[in-house]
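All the letters of the sequence shown, read from the start, carry residue numbers 0 to 386 under numbering that gives the first Met the number 0.
Glycine residues also receive a C-beta, built at the ideal position from the N, C-alpha and C atoms.
Just so we're clear, the structure is a prediction, and the values are computed from it rather than from any experiment.
What follows is one structure encoded as structure tokens, with my remarks underneath.
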Amino acid sequence: MQRRAVAAVLAAAALLLTSGCSSGDGGTPGAARSTSPGRTAPESSSSGRTAEATPPAKGSVKVVRTVAQGLKTPWGLASLPDGDLLVTSRDDGTITRIDEKTGKKTELGSVPGVSAAGEGGLLGIALSPSYASDHMIYAYFTTASDNRIVRLLHEERKPRGEQLGAPDTVFKGIPKGFIHNGGRIAFGPDHMLYAGTGESGNRGLAQDRKSLGGKILRMTPEGEPSPGNPFGDSVVYSYGHRNVQGLAWDDKQRLFAAEFGQDTWDELNAIKPGGNYGWPEAEGRSGDAKYRDPIAQWHTDEASPSGIAYAEGSLWMAGLRGQRLWRVPLKGTEASAAPQSFLKGTYGRLRTVVSAGGGKLWVTTSETDGRGTPGKGDDRIVELEVT
């Protein structure tokens with residue numbers, strides 16, 4: 000009853016903020032409905048009528064330090080309230096705490112049920128919006144049958160390796176494959192949980208609004224479709240994606256996403272509720288009014304984008320195959336200048352980017368994922384200062 004009361008309060012507050020999204024057809028399977036839904040609606044988006052500051056066309060990146068090294072297949076990264084970092088290991092299925100000052104690593108424990116193969120395994124991680132009181136960690140991972148999202152209690156007083164509680168399944172049934180498992184999760188400014196999924200190598204899933212593959216999903220922290228979603232009682236927020244790997248919001252609470260192309264164009268997209276981003280009918284800019292064009296695109300050997308973060312008026316995007324960090328300055332939901340690259344080849348494959356505040360970023364490398372450069376060694380977290 001207490002959870003329902005809290006949910007009702009959240010709903011009332013959110014309805015005052017929502018701009019109102021239209022409803023459509025189609026429910027979506029997959030929510031684990033063992034708990035009561037928290038009901039809120041999306042934040043109003045900026046109308047674009049007020050002037051916005053535009054960052055300089057050219058920026059800069061300064062390497063501050065290596066925060067930690069000796070990591071194996073790091074994938075997701077989240078910052079704890081005290082500044083320490085949590086990092087997932089895709090292949091080992093573990094979550095490790097990194098002391099942000101010393102780089103000391105403490106394994107919290109393993110996530111049961113992870114089935115690591117190909118691009119699948121323990122992927123994205125996010126802290127509950129109420130982490131200070133509930134100590135819940137959310138994780139997206141591949142099992143023997145699907146991709147799913149769980150939450151685990153972080154019990155800091157327990158011994159090393161035993162600090163993760165039993166997983167509570169929040170959402171399940173996302174298609175899995177040897178490739179294109181998506182995996183990025185994040186809580187938005189509206190305190191709703193967003194997840195980027197892939198079409199698992201089955202191209203047709205991306206255009207099927209009843210499928211969970213090739214989508215951005217939006218749900219309550221309990222795994223229910225969020226009120227205000229564009230397709231009625233469905234978690235589907237946008238569709239026509241190939242493999243969403245990055246999610247980030249700007250300072251106006253607008254959502255952006257990065258995704259892999261196939262042979263020609265990788266994409267950075269401004270996400271609109273209900274938007275169709277074209278895959279497999281369109282890759283990159285198509286000019287077809289049925290599909291939303293990306294705000295920036297790259298040849299696949301220059302990017303293969305993974306995580307993204309917003310800092311200093313720009314989006315910062317990690318490149319795997321491209322082995323570099325891209326800066327995309329923004330004016331509203333458009334790129335205000337040509338993308339600019341940094342760190343080309345310096346650290347090899349780059350997987351995740353997280354804002355550290357104050358014009359700083361944390362970036363993880365991905366040299367131990369089976370596609371790295373022989374001899375590059377283990378993986379690390381690097382702190383950058385950016386403008």
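DSSP-derived helix/strand/coil call for GLY26:
Residue mapping note: residue 26 aligns to position 27 of the sequence shown, counting from 1. Residue placement at GLY26 cannot be trusted, given a pLDDT of 40 that sits under 50; what the coordinates show is reported in the next sentence. Note: GLY26 maps to coil in three-state DSSP.
Per DSSP, what are the beta-bridge partners of PHE140 in this structure?
For the purposes of this step, residue 140 is taken as the residue at position 141 of the sequence shown. DSSP, once it has assigned bridges, lists LEU121, ARG147 as partnering PHE140.
Let me confirm a value: PRO55 is counted as buried when at least 16 other C-beta atoms fall within 10 Å, else exposed. Which label applies?
Working through the sequence shown from its first residue, we reach residue 55 at position 56. Classification for PRO55: exposed.
Rank PRO293, GLY195, LEU342 by C-alpha distance to the C-alpha of ASN180 and give the top, closest one.
Sequence index remark: in the sequence shown, residue 180 carries index 181 (1-based). Measuring from the Cα of ASN180, the nearest candidate turns out to be GLY195.
Just tell me which of GLN244, PRO272, TRP248, ASP189 has its CA closest to the CA of LEU260.
For the purposes of this step, residue 260 is taken as the residue at position 261 of the sequence shown. What sits at residue 260 in the sequence shown is Gly, not Leu. Comparing Cα-Cα distances from GLY260 to each of GLN244, PRO272, TRP248, ASP189, the minimum goes to GLN244.
Closer than 9 Å, CB to CB, is PHE255 near chain B or not?
Among the chains in the structure shown there is no chain B, since it carries only a single protein chain.
Coarse secondary structure for THR34, derived from DSSP in three states:
In the sequence shown, the residue the question calls residue 34 occupies position 35. At THR34 the pLDDT is 34, less than 50, meaning the model places this residue with poor confidence; the figure from the coordinates comes in the next sentence. Reduced to three states, the DSSP call for THR34 is coil.
Leaving out five residues before and five after ARG217 in sequence, what residues of the same chain have Cβ atoms less than 7 Å from its Cβ?
If you number the sequence shown from 1, residue 217 lands on position 218. Cβ within range, chain order: MET191, TYR193, SER225, ASN228, VAL234, TYR236.
Assign TYR346 to one of three DSSP states: helix, strand, or coil.
Here residue 346 refers to the residue found at position 347 of the sequence shown. Of the three classes helix, strand and coil, the one that applies to TYR346 here is coil, per DSSP.
I need the DSSP call for TYR336, collapsed to helix, strand or coil.
Here residue 336 refers to the residue found at position 337 when the sequence shown is read from its first residue. This sequence places Ala at residue 336; Tyr is not what is there. Looking at ALA336 - three-state DSSP - the assignment turns out to be coil, as it is neither helix nor strand.
As a quick exercise: from ILE148, ILE215, ASP83, pick the residue whose alpha carbon is nearest that of PHE230.
Position 231 of the sequence shown, counted from the first residue, corresponds to residue 230. Between PHE230 and the set ILE148, ILE215, ASP83, the nearest pair of CA atoms involves ILE215.
Is GLN68 helix, strand or coil when you go by DSSP?
What you label residue 68 is simply residue 69 of the sequence shown in a count that begins at 1. In the three-state reduction of the DSSP assignment, GLN68 falls in the strand class.
The stretch 311-331 / the stretch 252-271 touching (three or more Cβ pairs under 8 Å)
The stretch 311-331 is in contact with the stretch 252-271.
So what does DSSP say about ASP393, is it helix, strand or coil?
The chain is shown only over 0 to 386; residue 393 falls outside these bounds and no answer can be derived.
How far does the beta strand (DSSP E) with THR196 in it reach, from first residue to last?
For this step, residue 196 is matched to residue 197 along the sequence shown. Counted as a single uninterrupted DSSP element, the stretch harbouring THR196 is not any beta strand (DSSP E), since DSSP gives it neither H nor E.
So which of THR87, THR53, THR219 has the shortest CA-CA distance to ARG183?
Residue mapping note: residue 183 aligns to position 184 of the sequence shown, counting from 1. Comparing Cα-Cα distances from ARG183 to each of THR87, THR53, THR219, the minimum goes to THR87.
Between which residues of its own chain and LEU163 is the CB-CB distance below 6 Å, once the five residues before and five after are set aside?
Along the sequence shown, one-based indexing puts residue 163 at 164. The residues are LEU107, GLY108, LEU151.
Spell out the partners DSSP gives HIS153 in its beta bridges.
The residue labelled residue 153 in the question sits at position 154 within the sequence shown. In the DSSP assignment, HIS153 forms a beta bridge with LEU163.
Cβ of GLU333 versus every heavy atom of the ligand SAM: is any distance shorter than 8 Å?
Inclusion of the ligand SAM in the displayed structure is not the case, the ligand content being empty and no account of it being possible.
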